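The structure under discussion appears below in the form of structure tokens.
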Amino acid sequence: MLSWTSILFSLSTLQLAYIIYGVISRVFLSPLRKIPGPKLAALTSYYEFYFDAIQPGRFVWKIKDLHEEYGPIVRITPWEIHVNDVEFLDDIYAPSFRRREKYAYQTRTLPVPLSVGGTIQHELHRKRREALNPFFSKKSVQSLGPMIARKAELLCKRLDDHLNSQIPINLSEVYFAFANDVVSQYSFGHDNDLLRDPIRAASLRANLSELLLGVKINQHFPWIVETLELLPMALAKHIMPPGVLDMKAFSARISEDIEQVLHDSNDVKRGKRRSIFYELRDNPNLPPSEKSSLRLEHEGTLLVMAGTESTAKSLATTHFHLISNPPMMAKLRAELRTVHEDFSWTELENLPYLSACIAEGNRLSFGVTARVCRIAPDEALQYKDYTIPPGTPVSMTSLCAHTDETIFPDPWTFNPDRWLGQEGVARRKYQMAFNKGGRNCIGINLAHAEMFLVIAAVARYDMELFETDVSDVEFRHDYQVAYPKLDSKGVKAIVKGKPAMA
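Quick note: the sequence shown uses our numbering, first residue 444, plus one each step.
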């Protein structure tokens, strides 16, 4: 009969053998063994965890440092490669006719696997994307022009209130309210009316921020969230991390909207509430599984979250730099005088300097800042002398692309002129704020319509920054989107006046 000592010795021996096997297989036998990079990164994902969670949100910066040491291609985890070469973007983020899949490990950050953004398989993604594409075409978004303009007008009324009171305004919260109202109205046929409720807007922005600050823990330890979700809410709420609680609360609000859609009559759909999810509900080409409550909840959660946070950050970043650079604001105002006061998105798109300001704001807000891996399951990718085996997750971060000094000289300086002329047109293929390829951001037209209409509207106001500097918009931490210093309160300003634009 075996003693406990013998059993423990056997188990320890097996564990040691397993560790040794892992070391040998990852460092010496892996098909990625010839890719340059630190041995510790090849050995364990805790290398990534340290810079993701302990530092925090700094792994994308560490990757940038690794390229300085090892060159343009680096093995950054036991299974993953990062390429710092903008000329390789189209190979990584290929068009939809070339099969590219997502990396399951990275979809754990936000638990919405049934959404188009969380879909791993190439063919299923195409089907889900095709169902949504008509709502985000340029023609469809142009039809939203009057609704977006009304929201922009309401935003300007908020500015007028602060002009009269001379109380500082938090532009980050105002832009959050605006973006959330627009995407919610289009998605569900109604919105939270956050532009009229600044206290609630500030609260929801803080909640979403807490949610995003928890994505790294979700990614590395998904079992924590999964375990806590098995517990009764009365108990779980006392021990859940704030980000998990906020995710559940956010999803619960979206779930209520989806349930309303599913139970509303067709008459409502044809009336005021006609919107994306009413149309998806009644789409005869979608099977019932694609119209289930949970599936639509995941889609709605991601659409509202992405359509709020990214757009709001881009607006705040762009406006901050324009306020900080009076000559640029003057140049923009001079260009805006060439269009009628009741401008449309189509008219504004034709203004070169406004377009350049928005492109530069998008560049310095970085879009999705996390590594967005793509997997080519059926083809080996060739990067210079390196063959990347099929099935390997490969990425390039927007941080590396947008700060490549060969493309964007003096990359941390806000300089709209870099987007003008033939050279500016050529640079646009390196813009990653909305990602690239067949899985790029579906909401790019909606985001652009919002940005053009809002920046043109707020340019009519003279503002002075209040308790705000570049550290309040500067990319310092990666939590899916760019975070500035973690104690930032946002971009705040005092509205000083409304200069004549005519």
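Using N, Cα and C, we set each Cβ at its ideal position, and we do this for glycine too.
These numbers were taken from a predicted model, which means no experiment stands behind them.
Bridge partners of N613, per DSSP?
As a working note, residue 613 is residue 170 in the sequence shown. Answer by DSSP bridge pairing, in chain order: K935.
From Q874 to P769, what does the alpha carbon distance come to, in whole angstroms?
Walking along the sequence shown from the start, residue 874 turns up at place 431. Walking along the sequence shown from the start, residue 769 turns up at place 326. Taking the straight line joining both Cα atoms gives about 26 Å.
Judging by CA-CA distance, which residue of N805, Y629, G880 is the nearest neighbour of H568?
Counted from its first residue, the sequence shown places residue 568 at position 125. When each option's Cα is compared against that of H568, the closest is G880.
Provide the residue span of the beta strand (DSSP E) that contains P836, from first to last.
Residue 836 sits at position 393 when you count from the first residue of the sequence shown. In this chain, the beta strand (DSSP E) harbouring P836 covers 836 to 838.
Helix or strand or just coil, what does DSSP make of L794?
Here residue 794 is taken as the residue at index 351 of the sequence shown, counted from 1. L794 sits in coil when the DSSP states are folded into three classes, being neither helix nor strand.
Segments of 4+ residues assigned as alpha helix (DSSP H) that fall wholly inside the region 573 to 652
Runs of alpha helix (DSSP H) with 4 or more residues, each lying fully within the region 573 to 652, are found at 581 to 586, 588 to 608, 614 to 631, listed in chain order.
Classification of Q923 by the beta-carbon crowding that lies within 10 angstroms, buried from 16 upward:
Locating residue 923 in the sequence shown gives position 480, counting from the first residue. Result: buried.
For T830, list the residues DSSP reports as bridge partners.
To locate residue 830, count along the sequence shown from 1; it is residue 387. Beta-bridge annotation (DSSP): T830 is paired with Q825.
For Q564, count the other beta carbons within 10 Å of its own beta carbon; 16 or more makes it buried, fewer makes it exposed. Which is it?
Your numbering for residue 564 matches position 121 in the sequence shown. Under a 10 Å Cβ-count criterion, Q564 is classified as exposed, with fewer than 16 other Cβ atoms of the shown protein chains found around its own Cβ.
By DSSP's criteria, D915 is part of a beta bridge. Which residues make up the other side?
The count along the sequence shown starts at 1 and reaches residue 915 at position 472. None; D915 has no bridge partner.
Please name the residue or residues paired with H920 in a DSSP beta bridge.
Position 477 of the sequence shown, counted from the start, is the residue given in the question as residue 920. Y926, per the DSSP bridge assignment.
Going by the CB atoms, is the gap between G834 and I818 shorter than 8 Å?
Walking along the sequence shown from the start, residue 818 turns up at place 375. Walking along the sequence shown from the start, residue 834 turns up at place 391. Judged by beta-carbon spacing, G834 lies within the 8 Å limit of I818, meaning their Cβ atoms are closer than that value.
For a test of the three-state rule: what should DSSP assign to M954, helix, strand or coil?
Because the chain in this structure spans residues 444 to 945, residue 954 falls outside the shown range and cannot be described.
Helix, strand or coil at V559 according to DSSP, with G and I counted as helix:
Against the sequence shown, residue 559 aligns to sequence position 116. V559: coil per DSSP, three-state reduction.
Same chain, Cβ closer than 6 Å to A945, five either side skipped, listed in chain order
On the sequence shown, position 502 is the one that residue 945 refers to. In this prediction, A945 scores a pLDDT of 48, lower than 50, which makes its location untrustworthy; no coordinate-derived value is stated.
Extent of the continuous alpha helix (DSSP H) run through R870
Position 427 of the sequence shown, counted from the first residue, corresponds to residue 870. It spans 864 to 870 - the alpha helix (DSSP H) in which R870 sits, taken as one unbroken run.
Between K482 and Y829, what straight-line distance do the alpha-carbon atoms span, to the nearest angstrom?
If you number the sequence shown from 1, residue 482 lands on position 39. If you number the sequence shown from 1, residue 829 lands on position 386. Roughly 18 Å separates the two Cα atoms.
Can you tell me whether R817 is helix, strand or coil according to DSSP?
Against the sequence shown, residue 817 aligns to sequence position 374. Residue state, collapsed to three classes: strand.
What residues in its chain sit with their C-beta under 7 Å from that of I701, if we drop five residues either side in the sequence?
By 1-based counting over the sequence shown, the position of residue 701 is 258. Sequence-distant partners of I701 (beyond 5 residues in either direction) whose C-beta falls short of 7 Å from its own C-beta, in its chain, are F720, S736, L739, E740, G743.
Is the beta carbon of A484 less than 8 Å from the beta carbon of T448?
Working through the sequence shown from its first residue, we reach residue 484 at position 41. Working through the sequence shown from its first residue, we reach residue 448 at position 5. The Cβ atoms of A484 and T448 lie no closer than 8 Å to each other.
Can you tell me which of the three DSSP states R738 falls into?
One-based indexing of the sequence shown puts residue 738 at position 295. In the three-state reduction of the DSSP assignment, R738 falls in the helix class, which pools H, G and I.
Any chance you could list the alpha helix (DSSP H) runs of at least 4 consecutive residues sitting entirely within the region 745 to 787, in chain order?
For the region 745 to 787, the continuous alpha helix (DSSP H) assignments of 4+ residues that do not extend past its boundaries occur at 769 to 779, in sequence order.
Backbone secondary structure at A940 - three-state DSSP:
As a position in the sequence shown, residue 940 is number 497, starting the count at 1. First, the residue type needs correcting, since residue 940 is Gly and not Ala in the sequence shown. Secondary structure of G940 (DSSP, three-state): strand.
Could you tell me the alpha carbon to alpha carbon distance between A890 and V617, rounded to whole angstroms?
By 1-based counting over the sequence shown, the position of residue 890 is 447. By 1-based counting over the sequence shown, the position of residue 617 is 174. Near 16 Å, if we compare the C-alpha coordinates of V617 and A890.
Taking DSSP as the reference, what is the three-state secondary structure of I682?
The residue you call residue 682 lines up with position 239 of the sequence shown. I682: coil per DSSP, three-state reduction.
Distance, Cα to Cα, G560 vs M906?
What you label residue 560 is simply residue 117 of the sequence shown in a count that begins at 1. What you label residue 906 is simply residue 463 of the sequence shown in a count that begins at 1. Their backbone Cα atoms lie some 37 Å apart in a straight line.
Kindly list the residues whose CB is nearer than 8 Å to the CB of L729, restricted to its own chain and excluding five residues on each side of it in sequence; keep chain order.
Within the sequence shown, numbered from 1, the residue matching residue 729 stands at position 286. Non-local beta-carbon contacts of L729 in its own chain, meaning distances under 8 Å to residues more than five positions away in sequence, involve A574, L723 in chain order.
Which stretch, first to last residue, makes up the beta strand (DSSP E) that contains V517?
Numbered from its first residue, the sequence shown carries residue 517 at position 74. In the DSSP assignment, V517 falls within the beta strand (DSSP E) that extends over 516 to 518.
Three or more C-beta pairs under 8 Å: does that hold for the region 593 to 600 against the region 617 to 632?
Judged by Cβ distances under 8 Å, the region 593 to 600 makes contact with the region 617 to 632, as three or more pairs qualify.
Close Cβ partners of G714 (< 6 Å) along its chain, the five nearest in sequence each way excluded:
In the sequence shown, residue 714 corresponds to position 271, counting from 1. Low confidence applies to G714: its pLDDT is 47, below 50, so where it sits in the model is not reliable, and the reading given next is rough at best. None.
Have a look at the DSSP bridge pairing and note the partners of H525.
For the purposes of this step, residue 525 is identified with residue 82 of the sequence shown, where counting begins at 1. Under DSSP, H525 shares a beta bridge with V517, S838.
Other residues of its chain near H525: CB distance less than 6 Å, five sequence neighbours each side excluded
Mapped onto the sequence shown, residue 525 falls at position 82. Correct list, in chain order: I506, V517, I519, S838.
Measuring alpha carbon to alpha carbon, tell me which of E752, C884, I831, T751 ends up nearest D821.
Start at 1 with the first residue of the sequence shown, and residue 821 comes out as number 378. Among E752, C884, I831, T751, the Cα nearest to that of D821 belongs to I831.
Buried or exposed: R476, going by 16 or more other Cβ atoms within 10 Å of its Cβ?
The sequence position of residue 476 within the sequence shown is 33, counting from 1. The residue is exposed, with fewer than 16 neighbouring Cβ atoms inside 10 Å.
Give the range of the alpha helix (DSSP H) segment to which A899 is assigned.
The residue given as residue 899 occupies position 456 in the sequence shown. It spans 887 to 901 - the alpha helix (DSSP H) in which A899 sits, taken as one unbroken run.
Buried/exposed call for F631, threshold 16 Cβ in 10 Å:
Here residue 631 refers to the residue found at position 188 when the sequence shown is read from its first residue. F631 comes out buried.
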